[in-house]
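Protein chains in written order, with full-length UniProt numbering: chain A, 1 to 263; chain B, 1 to 263.
There are 2 protein chains.
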Amino acid sequence: MNQSRSRRPTIIDVAKRAGVSKSTAARALTGSSNITEQTRERVVKAAMAVGYERNHLAVGMRSGRSGMLGLVIPDITNPFWADVARGAQDRAVRSGASLLIFSSDWDPAAESAHLRALRRARVDGAIINPVADNFDDLDRFGLPFVFIGSSAERFPDVSSVGSDIGQAVRLGLDHLVSNGHEAPSLILGPKSRLARARFLRTVHEHCVERDVDPAILALEDGEYTVEGGRHAMRRLLERPHLGHVAVFAANDMMALGAMMAGS
Amino acid sequence: MNQSRSRRPTIIDVAKRAGVSKSTAARALTGSSNITEQTRERVVKAAMAVGYERNHLAVGMRSGRSGMLGLVIPDITNPFWADVARGAQDRAVRSGASLLIFSSDWDPAAESAHLRALRRARVDGAIINPVADNFDDLDRFGLPFVFIGSSAERFPDVSSVGSDIGQAVRLGLDHLVSNGHEAPSLILGPKSRLARARFLRTVHEHCVERDVDPAILALEDGEYTVEGGRHAMRRLLERPHLGHVAVFAANDMMALGAMMAGS
DNA sequence: ATGAAAGCGCTAACAT
DNA sequence: ATGTTAGCGCTTTCAT
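Structure, rendered in structure tokens:
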């Protein structure tokens with residue numbers, strides 16, 4: 001207990017215990033060649049004995065690779081990004097890496113601060129769902145990275161993964177129309193979001209194809225959250241209108257909020 | 001573009017540019033005393049000019065503090081832990097730290113691997129929702145840490161934060177009883193989980209107080225997930241029984257699954 | 001107030 | 001096959 005509280009053992013402790021030089025110990029531990037099976041065993045045993053654990057800070061320092069990856073998303077609390085985070089984490093672990101996760105909360109300033117943190121931490125790469133409109137420091141970013149989300153298309157040079165919003169909207173509308181709802185009310189995200197424009201554009205196209213005037217559709221905005229959906233739904237319900245038979249929300253959180261708008 | 005792709009600037013680059021020694025540059029940048037306001041300005045300006053960003057690996061190496069914290073939870077995909085993660089992350093960022101998040105997926109082996117990763121990364125501390133029954137390496141863990149969850153009470157010496165399951169169950173049952181449901185069916189977590197025993201014990205107490213025989217309560221187990229709740233509910237519905245008027249599930253995910261059991 | 005130098009733990013190039 | 005040494009980028013004595 002008293003010994004276990006002391007300084008963490010270094011490779012030198014291992015080397016001493018095994019009676020070899022620290023480079024030999026390193027070779028044995030990294031699985032390098034040029035090492036007698038006998039000495040390797042001795043070193044490994046010594047490492048176990050002293051409870052040695054390689055210091056990744058030191059390794060990163062020497063190698064220039066920290067073994068860490070970054071993930072910057074708007075909000076880990078949203079199930080969509082929780083799934084993203086989970087997938088990223090599993091993949092990272094499988095490659096022996098760790099994942100630093102940051103939620104920007106749709107705040108460009110926070111996002112920028114998080115990116116700085118990632119650079120200082122010397123992560124080997126990052127996955128980013130950008131919320132900033134202008135990513136002008138992009139070329140100076142200096143980190144390998146991939147974008148997530150539709151806003152990524154503002155940066156055609158950057159690799160990105162996004163949802164096919166157009167197809168999603170079409171599938172949703174097809175479903176509603178086939179159930180007799182020709183003109184569902186809409187609950188969309190904030191005006192600043194690119195995904196919103198994409199959503200709306202597809203709705204318009206779909207309407208035109210059906211000879212429905214898009215202008216008759218009731219529409220409300222809100223944050224991409226349960227609360228946002230709830231408030232938007234309330235505003236819809238307040239309208240002097242014959243009642244909203246069907247509502248199409250931009251994501252699950254908003255839909256949930258809309259369903260709860262009564263309470 | 002070509003220059004920006006080159007080696008990240010170090011404090012030496014800053015020092016050179018400012019025409020001082022690297023130690024002076026360090027002093028200026030760390031806000032140390034004993035520095036002329038004039039030279040500090042010059043150094044700061046030089047740092048900006050070359051796009052200097054402090055290398056946290058190196059800092060951690062020297063100081064022994066990595067500026068990173070660890071979070072090990074069963075599953076980031078569960079909204080409860082997503083909230084936990086969000087809170088931890090916000091707090092960490094406020095202290096200038098970063099958060100390494102790991103999901104163990106209820107797998108003790110994965111948990112143990114993640115803890116090893118945290119030690120190697122030299123995190124300054126960790127928040128852990130343990131899933132392993134035996135945490136016998138606890139004294140050798142060698143990291144400052146806090147536990148989350150009811151399983152933490154197996155380790156009375158460890159600081160922990162948990163929910164008051166007893167009170168939660170009582171509130172839930174009170175609500176049901178006051179709505180006329182004297183003997184709700186139960187959907188609980190896996191038998192291995194300590195929280196389940198706690199839940200069940202409180203239900204029994206509550207029943208006894210109401211002169212209800214706990215044995216008449218229908219009860220099903222499942223994983224703490226939407227799927228687990230759905231399956232459990234299906235099994236409940238299959239029972240030759242007069243129908244389940246009320247169901248009390250152990251968490252929101254299971255309740256959601258139960259509600260969806262028909263589809 | 002500033003510079004020179006040591007050292008954190010590790011690995012790889014360079015001896016032997 | 002193994003030992004010696006340099007150096008990753010930083011902060012902090014210790015001199016001056």
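Backbone N, C-alpha and C fix where the C-beta goes; we use that ideal spot for every residue, glycine too.
Endpoints, the beta strand (DSSP E) within which S103(B) is located: 98-103
Residues bridged to A249(B) (per DSSP): I187(B)
Can you pull out the residues from the UniProt domain "HTH lacI-type" (9-63) of chain B whose beta carbon lies closer than 8 Å to at least one beta carbon of chain A? G51, E53, R54, N55, H56, L57, A58, G60, M61
8 Å Cβ cutoff met for R54(B) and D124(B): no
Counting along the chain, where does the alpha helix (DSSP H) carrying E238(A) start and finish? 226-238
Is there a Cβ of chain A sitting closer than 8 Å to that of T77(B), yes or no? Yes, its Cβ sits closer than 8 Å to a Cβ of chain A.
Going by other Cβ atoms of all chains shown within 10 Å of its Cβ, with 16 needed for buried, is Q38(A) buried or exposed? exposed
Kindly indicate which residue of R140(B), A18(B), G222(B) has the alpha-carbon position closest to the one of V50(A). R140(B)
Which residue's Cα is closest to the Cα of D252(A): L237(A), G229(A), A261(A)? G229(A)
The alpha helix (DSSP H) enclosing I35(A), as first and last residue numbers: Counting along the chain, I35(A) falls outside any alpha helix (DSSP H), and DSSP gives it neither H nor E.
Indicate the three-state DSSP secondary structure (helix, strand or coil) for I128(A) in the structure shown. strand
C-alpha distance - D13(A) paired with L29(A), whole-angstrom precision: The straight-line gap from Cα to Cα measures roughly 13 Å.
Given this structure, state the Cα-to-Cα distance separating K191(B) from G222(B), to the nearest angstrom. 9 Å
Ignore the nearest five residues each way along the sequence and tell me which others in W106(B)'s own chain have a CB closer than 6 Å to its CB. Sequence-distant Cβ neighbours of W106(B) in its own chain, meaning closer than 6 Å and more than five residues away, are P74, V131.
Can you have a look at S32(B) and say buried or exposed, based on whether 16 or more other CB atoms are within 10 angstroms of its CB? exposed
Check for me: the beta strand (DSSP E) holding F147(B) runs from which residue to which? 145-148
With C-beta atoms as the reference, is R122(B) less than 8 Å away from L99(A)? no
If you follow the beta strand (DSSP E) that L219(A) is part of, which residue opens it and which one closes it? 219-221
Endpoints, alpha helix (DSSP H) assigned at M68(A): Counting along the chain, no alpha helix (DSSP H) covers M68(A); the unbroken beta strand (DSSP E) around it starts and ends at 68-73.
In chain order, what residues of the same chain have a beta carbon less than 6 Å from the beta carbon of residue 264(A), not counting five sequence neighbours either side? One cannot answer for residue 264(A) here, as it falls past the ends of chain A, which runs 1 to 263.
Just confirm the distance between the C-beta atoms of A255(A) and A82(B), as a whole number of angstroms; I'd bet it's less than 8 Å. Between A82(B) and A255(A) the Cβ distance is about 18 Å, and since that is not below 8 Å, they are no contact.
What separation, rounded to the nearest whole angstrom, lies between the Cα atoms of R120(A) and F135(A)? Between R120(A) and F135(A), the C-alpha separation is close to 19 Å.
Can you tell me the Cα-Cα spacing of R193(A) and S151(A), whole angstroms? 7 Å
By alpha-carbon positions, which one of L188(B), P79(B), V161(B) ends up nearest to V247(B)? Closest option to V247(B), Cα to Cα, is L188(B).
Can you find a C-beta in chain A that's less than 8 Å from the C-beta of A85(B)? yes
Output, in sequence order along the chain, the residues in the stretch 99-115 of chain B whose CB is closer than 9 Å to any CB in chain A. L99, L100, I101, F102, S103, D105, A110, A113, H114
Amino acids of chain B, ordered along the chain, whose beta-carbon sits closer than 9 Å to that of R91(A): Here the premise fails: no neighbours, minimum Cβ distance about 12 Å.
Step through the CB atoms of chain A and report whether any lies within less than 8 Å of the CB of A232(B). Residue-level contact check: A232(B) does not touch chain A, since none of the beta carbons of chain A fall below 8 Å from its beta carbon.
Would V72(A) and L115(A) be called neighbours here (beta carbons separated by less than 8 Å)? yes
Name, in chain order, the residues that DSSP records as bridge partners for S160(B). F147(B)
Near C207(A), what residues of its chain come up, given a Cβ to Cβ distance below 6 Å and the 5 sequence neighbours on each side ignored? So the list reads P214, once near-sequence residues are dropped.
What is the DSSP secondary structure of H206(B), reduced to helix, strand or coil? helix
Can you tell which of L143(A), G96(A), A97(A), A109(A) has the C-alpha that lies nearest to the C-alpha of L118(A)? L143(A)
Neighbour flag for residue 272(B) against chain A, beta carbons, 8 Å: The structure shown does not extend to residue 272(B), since chain B is modelled only from 1 to 263, so the question has no answer here.
Rounded to whole angstroms, what is the Cα-Cα separation between R94(A) and G67(A)? 12 Å
For a contact meaning CB atoms closer than 7 Å, what does S66(A) contact in chain B? L57
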